[in-house]
Amino acid sequence: MSLPSVVPAPRSIHLGDTDAMSLAAPSVGGDPAAARIAAALLATRTGLDVEIVSTDAALITMSVDGIGAPESYRLAVTSGRAELMGADAAGLFYGIQTLVQLVTRNGDTWSVPAVSIQDGPRFAYRGVMLDVARHFHGVETVKAYIDRAAGLKFNALHLHLTDDQGWRIQLRSRPELTAMASSSSVGGRPGGFFTKTDYREIVEYAASRHMIVVPEIDVPGHTHAVGLAYPELVEEPVLSEHIREVVRDYGGSLPKNGAPYDGVAVGFSSLKIHDEKTYDFLADVFGELAGMTPGPYLHLGGDEALGTEPADFAEFVRRASELIADLDKIPVAWHEAGAAAGLHDSTVGQYWGFVTPTDGMDDKARAFVRNGAQLILSPADAIYLDMKPTPDAALGLTWANGATSVERSYSWEPSTVIAGITDADILGIEAPLWTETVRDLDAIDTLAFPRIAAAAEAGWSPATGHSELRTWDSFRTRVGALGPMWTKQCIRFSESDEIDWSRE
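Going letter by letter, the sequence shown gives residues 203 to 706 in the working numbering.
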């Protein structure tokens, strides 16, 4: 008998020697919060009424026992009972996700195979990023994406809140940003923004799923929208031949200060580096956002600042990272910031280069580690979820070495991307989803699933070669078994021809 399908692959899994546990009369008990979550997820999966009962009377019991590493859990299922124990509340939550994945339908009946699992994450940080700047995505869509990501044991939501096309977060200190710079998006479609109440709702909802929110204010480039509210803070757009080529290929007009930008070109905008008003602006923005965000990280962007001279970029990154560190937050920056002398030594680098680095991308990333910090790995040609899954896909882009198949999204190993970087230097992985072509939740699902599951496995599961499950052949079978569950959860995943999809 083959091992049951779990994604991401657990640290260890063994079949039991009893029959499967029947869910003819499912009941859960133990930790009250966990019981409510388990009951809701099991009911969605099976359509059955799931009772919440006392621990002694429950078919499935759940408890936090404090044993093991953070976020770890242990699950034991026999023919008559399932016992789930978490090292902490997060571990218990992740164990519930595994339990729900194990549920199997046999005709008109439901069961869970007898199994013993001991599991915990490889990396502490396992993130997804959603770009709400190119196309705005409202609170309900963000909450739905949180649910999808949490079900695969991700624990961080990076929100890309600002870009050339729009400013998406309300700040009392700078009300002009949303009043004057939030209404546009790619293609001239409507924009939008999160009120402070909206943002708090997202943060609290994420916390209920054991996820932190990492807000990003992308500076000094990607700041055309800032100029709509504060024209005195931005430079004139740098209109390179590359910018003109993108406009020719993808449409739209050339960026012009004072006019909303609805194209997809990057690298033309910059804040004024030598004007103290710029740093007054950042102090207000970072300060208010830090007060709204209980998580430890605040992302300053720092990518594709092609409209900023290198020396100016270095000075800007030094001051911006210090501003964030002085707020008792850990700065995060895209890997380009590693080239800047004076970068605050607590700054975490986010590598968005390729699985095989080019153009000195790896040297810039290693600089963060030399400073004593760590890296988040987001190799664009592996886990950028906005890349087309096939060359003829309707959604997505192809700049990251062409279309990214499911197999390519799976077949990379974090510890081998950057020479000299080991697991100890890696805070974790993150799968970004940029939204130049993404207007709604259906489009998010179509591009993210099933490739988001490959990213989840890279962040949670043992390293490649350290588990019999960490192979492409194993993954394509295991992820295919999730199709019926995703369907019940109304996830509109792409039924890739690379996957052996199960049916019920």
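The beta carbon of each residue, even a glycine, is placed where N, CA and C say it ideally should be.
Rounded to whole angstroms, Ser384 and Gly394 show a C-alpha spacing of 6 Å.
Annotation for Tyr612: the continuous alpha helix (DSSP H) segment containing it runs 608-612.
The three-state secondary structure of Leu379, taken from DSSP, is helix.
The DSSP assignment places 398-410, 426-431, 443-452 as complete runs of the alpha helix (DSSP H) inside the region 380-465, in order along the chain (cut-off: 4 residues).
Going by DSSP, Gly682 is part of no beta strand (DSSP E) but of the alpha helix (DSSP H) stretching over 674-682. Its chain contains Glu615, Arg672 as the residues whose beta carbon lies nearer than 6 Å to that of Thr666, once the 5 sequence neighbours on both sides are disregarded; these appear in chain order. Note: Asn308 is bridge-paired with Thr311 in the DSSP secondary-structure output.
Contact check for Val534 and Thr549: beta-carbon distance about 7 Å, within the 8 Å limit, so the pair qualifies. With three or more CB-CB distances shorter than 8 Å, the region 427-442 counts as touching the region 361-370.
Looking only at Thr592, Asp588, Ser607, Ala236, the smallest Cα-Cα distance to Gly598 is reached by Asp588.
Taking 8 Å as the cut-off, the beta carbon of Ser472 is found closer than this to the beta carbon of Val436.
Per the Cβ contact rule, the region 600-615 is in contact with the region 644-655 (3 or more Cβ pairs under 8 Å).
Excluding the 5 residues flanking it on each side, Leu286 has same chain C-beta neighbours closer than 6 Å at Met264, Leu277, Gly297, in chain order. DSSP links Asp365 through a beta bridge to Gly368. Here Thr624 is exposed: its Cβ has fewer than 16 other Cβ atoms, across all protein chains shown, within 10 Å. Shortest Cα-Cα distance from Ala492 to any of Ile419, Ile445, Ser204 involves Ile419. Here Thr300 carries a helix assignment [DSSP, helix/strand/coil].
Looking at the backbone, the Cα of Ser274 and that of Gln299 are separated by about 12 Å.
A direct Cα-Cα distance of roughly 20 Å separates Glu443 from Thr600. As DSSP reads the structure, Ser265 sits in a beta bridge with Met287. Between Met223 and Gly282, the CB-CB gap stays under 8 Å.
For Ala278, the enclosing beta strand (DSSP E) stretches over residues 275-279.
Between the alpha carbons of Gly389 and Arg641 lies a distance of about 11 Å.
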